[in-house]
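Student: No gaps in the numbering here: position 178 of the sequence shown is 214 in the working numbering, and each next residue is one more. My structure is below; once you've seen it, I'll send some questions.
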Amino acid sequence: MQGLLARQQPDSAARSGKRGAESLRRHRSDRRRAHRALQPVGEWKRRSGEAQSQANVYAVRSDLTLFNNHTYFLDDPENGDQNRQTERRRMLGFAASHSWPATLGDFSMSHKIGAQGRYDHISPLSLLATRNQQVLGTVSESKVKEASLAAYYENTLHWTPWLRSIAGLRYDSYRFDVASNIAENSGKVNAHITSPKLSLVLGPWRSTEFFLNYGSGFHSNDARGTTAHLSPKEREPIEPVTPLVRTRGGEIGVRSEMLPGLQSSLALWKLRSASELVFSGDAGDTAPSRASKRSGIELNNHYVARSWLLFDLDLAYSRGRYSEADPAGEHIPGAVEKVASFGATVNDIGPWSGAFQMRYFGPRPLIEDNSQRSKGTAIAYLRAGYRFNRNWQLSLDVFNLFDRKASDIDYFYASRLPGEAAEGVPDVHYHPAERRNFRLTLRASF
Numbered sequence: 037m038q039g040l041l042a043r044q045q046p047d048s049a050a051r052s053g054k055r056g057a058e059s060l061r062r063h064r065s066d067r068r069r070a071h072r073a074l075q076p077v078g079e080w081k082r083r084s085g086e087a088q089s090q091a092n093v094y095a096v097r098s099d100l101t102l103f104n105n106h107t108y109f110l111d112d113p114e115n116g117d118q119n120r121q122t123e124r125r126r127m128l129g130f131a132a133s134h135s136w137p138a139t140l141g142d143f144s145m146s147h148k149i150g151a152q153g154r155y156d157h158i159s160p161l162s163l164l165a166t167r168n169q170q171v172l173g174t175v176s177e178s179k180v181k182e183a184s185l186a187a188y189y190e191n192t193l194h195w196t197p198w199l200r201s202i203a204g205l206r207y208d209s210y211r212f213d214v215a216s217n218i219a220e221n222s223g224k225v226n227a228h229i230t231s232p233k234l235s236l237v238l239g240p241w242r243s244t245e246f247f248l249n250y251g252s253g254f255h256s257n258d259a260r261g262t263t264a265h266l267s268p269k270e271r272e273p274i275e276p277v278t279p280l281v282r283t284r285g286g287e288i289g290v291r292s293e294m295l296p297g298l299q300s301s302l303a304l305w306k307l308r309s310a311s312e313l314v315f316s317g318d319a320g321d322t323a324p325s326r327a328s329k330r331s332g333i334e335l336n337n338h339y340v341a342r343s344w345l346l347f348d349l350d351l352a353y354s355r356g357r358y359s360e361a362d363p364a365g366e367h368i369p370g371a372v373e374k375v376a377s378f379g380a381t382v383n384d385i386g387p388w389s390g391a392f393q394m395r396y397f398g399p400r401p402l403i404e405d406n407s408q409r410s411k412g413t414a415i416a417y418l419r420a421g422y423r424f425n426r427n428w429q430l431s432l433d434v435f436n437l438f439d440r441k442a443s444d445i446d447y448f449y450a451s452r453l454p455g456e457a458a459e460g461v462p463d464v465h466y467h468p469a470e471r472r473n474f475r476l477t478l479r480a481s482f
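Quick look at the structure:
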């Protein structure tokens, strides 16, 4: 999250005796973010006949300072709950692959092998208690070294002119090394996981093909959580999180270019995860939660109306629920249900070009029992460009074109303002979307 965080209080009139717009929104004014990054990249490619090899390397340096106050005066009624997060990260990585054709009897096929690696050195990684951006004390401070290495193989086999399969296997290995100011939270953890995948493609018939995909993957948790045995603030015993959390999913769908100029795809999908990550208002971070199951439908369309005019329309609906029973409820907080995107692009009308895009995110549950929900968000974007010649171009971007008052994201948890009960007030907290703003860019190429 970035910028201001506000608290929406629909029942605040009953607590304070006040009515009016001023009782619905309370902003925190002490949040700031600074970020600098350097990313040199090197890339190499080589083709020999139908075989191809490629590799790239990258290095990233970033520094982050972020002031937060998620709960206002809930934990510290005197100084407030402001804190400062500091992260200095150095990252090195690479990716390499080699592909070549082959045959299996009368069947044509291709092979692809590859490897990827990444190393992160993060120091310091700290959470400090502050007041008016002045440090009061250290909540936690760590040095983190995280290394990952992956290898994969992919095989594409053409069984018939209308049937092909794509099978793959990937192996990932991670190593977490955490040195914390809390001795009990220091340690080293190794984890690895194997992810198989299989796709079947039938067609094309009349520029239409059908596909069936199934496979497994994973998401990784915060390195500090994999070695943590005491909570940073309360110093109470906690269980380390699972380093790599498995996911399994599948989809069935159709792709078609039957209508001239129109590319469309329709897919039904399902995904299961061994653990969800849910935002925690008390700590201002994410924490592992229960296993989940998600399913949905997606429709994507790309239409070339003229050589200079393109339209895009994407629609999606999904349903997310926890798969493990709990009295709190089965809804996944923050799981978006409806998404729509419409765009129009104009190219090469003389020296002019432009683009328009409207994105809509529907209401979503904020807590497990679905009694608190966010509002929908619709934001528009416009861009106009003019090319003076092959070397010089001027462009104007307008963000939040219609100046909509909306929130980028919403949460529901307890916080405390001065004069409220010590246990705080459960309420909706939101990150306001940026108001309408403009960016003028002059680009030169040589």
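Built from N, CA and C at the ideal position, the CB exists for glycine as well.
Can you name the residues that DSSP bridges to Ile218?
Tutor: Walking along the sequence shown from the start, residue 218 turns up at place 182. According to DSSP, Ile218 bridges with nothing at all.
Student: If you drop the 5 nearest sequence neighbours on each side, which residues of the same chain put their C-beta closer than 6 Å to that of Gly261?
Tutor: Numbered from 1 along the sequence shown, position 225 holds the residue referred to as residue 261. Closer than 6 Å at Cβ, skipping near neighbours: Val277.
Student: According to DSSP, is Ala480 part of a helix, a strand, or is it coil?
Tutor: Here residue 480 refers to the residue found at position 444 when the sequence shown is read from its first residue. Note: Ala480 maps to strand in three-state DSSP.
Student: Helix, strand or coil: which one does DSSP assign to Gly365?
Tutor: In the sequence shown, residue 365 corresponds to position 329, counting from 1. Correct three-state label for Gly365: coil.
Student: Using the DSSP secondary-structure output, state which residues sit across from Trp305 in a beta bridge.
Tutor: As a position in the sequence shown, residue 305 is number 269, starting the count at 1. Per DSSP, Glu287 and Gly332.
Student: Check for me: the beta strand (DSSP E) holding Gly261 runs from which residue to which?
Tutor: Here residue 261 refers to the residue found at position 225 when the sequence shown is read from its first residue. Looking at the DSSP string, Gly261 is not in any beta strand (DSSP E); the run it does join, the alpha helix (DSSP H), is Ala259 to Thr263.
Student: Could you tell me which residues DSSP pairs with Trp388 in its beta bridges?
Tutor: Along the sequence shown, read from residue 1 onward, the residue named residue 388 stands at position 352. Paired residue(s): Ile385 and Tyr422.
Student: Can you name, in chain order, every residue of its own chain whose Cβ lies under 8 Å from the Cβ of Asp439, other than the five neighbours on each side?
Tutor: Position 403 of the sequence shown, counted from the start, is the residue given in the question as residue 439. Contacts found: Arg471 and Arg472.
Student: Among Val225, Arg355, Ala323 and Lys81, which has the Cα closest to the Cα of Ala215?
Tutor: As a first step, residue 215 must be located in the sequence shown, where it is residue number 179. Nearest C-alpha to Ala215: Val225.
Student: Report the rounded CA-to-CA distance for Phe474 versus Ala420, giving the unit in angstroms.
Tutor: The sequence position of residue 474 within the sequence shown is 438, counting from 1. The sequence position of residue 420 within the sequence shown is 384, counting from 1. Their Cα atoms are separated by approximately 11 Å.
Student: Near Val290, which residues of its chain fall below 6 Å by C-beta distance, leaving aside the five closest residues on each side in sequence?
Tutor: Within the sequence shown, numbered from 1, the residue matching residue 290 stands at position 254. The residues are Phe246 and Leu302.
Student: Verify whether the separation of the beta carbon atoms of Phe499 and Gln408 is less than 8 Å.
Tutor: Residue 499 cannot be examined here, being either before or after the span of the chain that is shown, 37 to 482.
Student: Taking only the alpha-carbon atoms, compute the straight-line gap between Asp112 and Ser176 and give it to the nearest angstrom.
Tutor: In the sequence shown, the residue the question calls residue 112 occupies position 76. In the sequence shown, the residue the question calls residue 176 occupies position 140. When rounded, the distance between both Cα atoms is 17 Å.
Student: Can we say the segment 158 to 174 touches the segment 130 to 138, given the rule of at least three CB pairs closer than 8 Å?
Tutor: No, the segment 158 to 174 is not in contact with the segment 130 to 138.
Student: Count the CB pairs spanning the segment 188 to 198 and the segment 135 to 150 that are closer than 8 Å, and state whether there are at least three.
Tutor: Contact between the segment 188 to 198 and the segment 135 to 150 is present, because at least three Cβ pairs lie under 8 Å.
Student: Spatial neighbours of Val340 within its chain, please: C-beta separation below 7 Å, excluding the five flanking residues on both sides.
Tutor: For the purposes of this step, residue 340 is identified with residue 304 of the sequence shown, where counting begins at 1. Cβ neighbours of Val340 beyond the five flanking positions: Gly297 and Leu346.
Student: Going residue by residue through the segment 171 to 227, where are the continuous beta strand (DSSP E) segments of at least 3 residues, counting only ones entirely within it?
Tutor: Counting whole runs of 3 or more residues, the segment 171 to 227 contains the beta strand (DSSP E) stretches 199 to 216.
Student: Tell me, to the nearest whole angstrom, how far the beta carbon of Arg124 is from that of Asp99; I am working on the premise that it is less than 8 Å.
Tutor: In the sequence shown, counting from the first residue as 1, residue 124 sits at position 88. In the sequence shown, counting from the first residue as 1, residue 99 sits at position 63. Yes, Arg124 and Asp99 are in contact; Cβ-Cβ is about 5 Å, under 8 Å.
Student: By DSSP's criteria, Glu245 is part of a beta bridge. Which residues make up the other side?
Tutor: The residue labelled residue 245 in the question sits at position 209 within the sequence shown. Per DSSP, Arg291.
Student: Return the CA-CA distance between Asn406 and Gly365, expressed in angstroms with no decimal places.
Tutor: On the sequence shown, residue 406 is found 370 positions in, with the first residue counted as 1. On the sequence shown, residue 365 is found 329 positions in, with the first residue counted as 1. One C-alpha to the other measures close to 8 Å.
Student: Which residue or residues does DSSP assign as beta-bridge partners of Thr166?
Tutor: Within the sequence shown, numbered from 1, the residue matching residue 166 stands at position 130. Val171, per the DSSP bridge assignment.
Student: For Val340, name the three-state secondary structure that DSSP assigns.
Tutor: Locating residue 340 in the sequence shown gives position 304, where the first residue counts as 1. Looking at Val340 - three-state DSSP - the assignment turns out to be strand.
Student: Which residue marks the beginning of the beta strand (DSSP E) containing Ala132, and which one marks its end?
Tutor: Residue mapping note: residue 132 aligns to position 96 of the sequence shown, counting from 1. From DSSP, the beta strand (DSSP E) with Ala132 extends over Asn119 to Leu140.
Student: Could you give the DSSP three-state label for Arg471: helix, strand or coil?
Tutor: Residue numbering aside, residue 471 sits at position 435 when the sequence shown is read from its first letter. Looking at Arg471 - three-state DSSP - the assignment turns out to be coil, as it is neither helix nor strand.
Student: Contact defined as beta carbons within less than 8 Å: I believe Ser443 pairs with Tyr108. What is the distance between those atoms, to the nearest angstrom?
Tutor: Walking along the sequence shown from the start, residue 443 turns up at place 407. Walking along the sequence shown from the start, residue 108 turns up at place 72. That belief does not hold up - the Cβ atoms of Ser443 and Tyr108 are roughly 18 Å apart, past 8 Å.
Student: Using 8 Å as the cut-off, can you tell me whether the segment 377 to 386 makes contact with the segment 397 to 406, which would need three or more C-beta pairs spanning the two stretches below that distance?
Tutor: In short, these stretches do not touch, since the Cβ pair count stays below three.
Student: Could you check where the beta strand (DSSP E) with Val434 kicks off and where it finishes?
Tutor: Here the question's residue 434 lines up with position 398 in the sequence shown. Segment Trp428 to Phe435, the beta strand (DSSP E) holding Val434.
Student: Taking the continuous beta strand (DSSP E) assigned at Lys81, which residues delimit it?
Tutor: Here residue 81 refers to the residue found at position 45 of the sequence shown. Looking at the DSSP string, the run of the beta strand (DSSP E) that includes Lys81 is Val77 to Ser84.
Student: What residues in its chain sit with their C-beta under 8 Å from that of Pro462, if we drop five residues either side in the sequence?
Tutor: Translated into the one-based positions of the sequence shown, residue 462 becomes position 426. So the list reads Phe448, Tyr449 and Ala450, once near-sequence residues are dropped.
Student: Tell me where the beta strand (DSSP E) around Asp266 begins and ends.
Tutor: The residue labelled residue 266 in the question sits at position 230 within the sequence shown. Per the sequence shown, the amino acid found at residue 266 is Leu instead of Asp. Segment: none, Leu266 is in no beta strand (DSSP E) and carries neither H nor E.
Student: Could you give the DSSP three-state label for Pro113: helix, strand or coil?
Tutor: Within the sequence shown, residue 113 is the residue found at index 77, counting from 1. If DSSP states are grouped into helix, strand and coil, Pro113 belongs with coil.
Student: Taking the straight line between their C-alpha atoms, what separation do you get for Leu110 and Gln118?
Tutor: Position 74 of the sequence shown, counting from 1, holds the residue named residue 110. Position 82 of the sequence shown, counting from 1, holds the residue named residue 118. About 11 Å.
Student: Are the beta-carbon atoms belonging to Ile202 and Glu190 less than 8 Å from one another?
Tutor: Locating residue 202 in the sequence shown gives position 166, where the first residue counts as 1. Locating residue 190 in the sequence shown gives position 154, where the first residue counts as 1. Closer than 8 Å, so yes.
Student: When the Cα of Asn427 is compared with those of Gly455, Ser481, Leu453 and Gly390, which residue comes out closest?
Tutor: Here residue 427 refers to the residue found at position 391 of the sequence shown. Considering only alpha carbons, the answer is Ser481.
Student: How is the beta strand (DSSP E) around Thr101 delimited, first residue to last?
Tutor: Within the sequence shown, residue 101 is the residue found at index 65, counting from 1. Where Thr101 is concerned, the enclosing beta strand (DSSP E) stretches over Ala87 to Asn104.
Student: Alpha carbon to alpha carbon, how far is Leu351 from Asn337? Give it in angstroms, no decimals.
Tutor: Here the question's residue 337 lines up with position 301 in the sequence shown. Here the question's residue 351 lines up with position 315 in the sequence shown. Spanning the two alpha carbons is a distance of roughly 9 Å.
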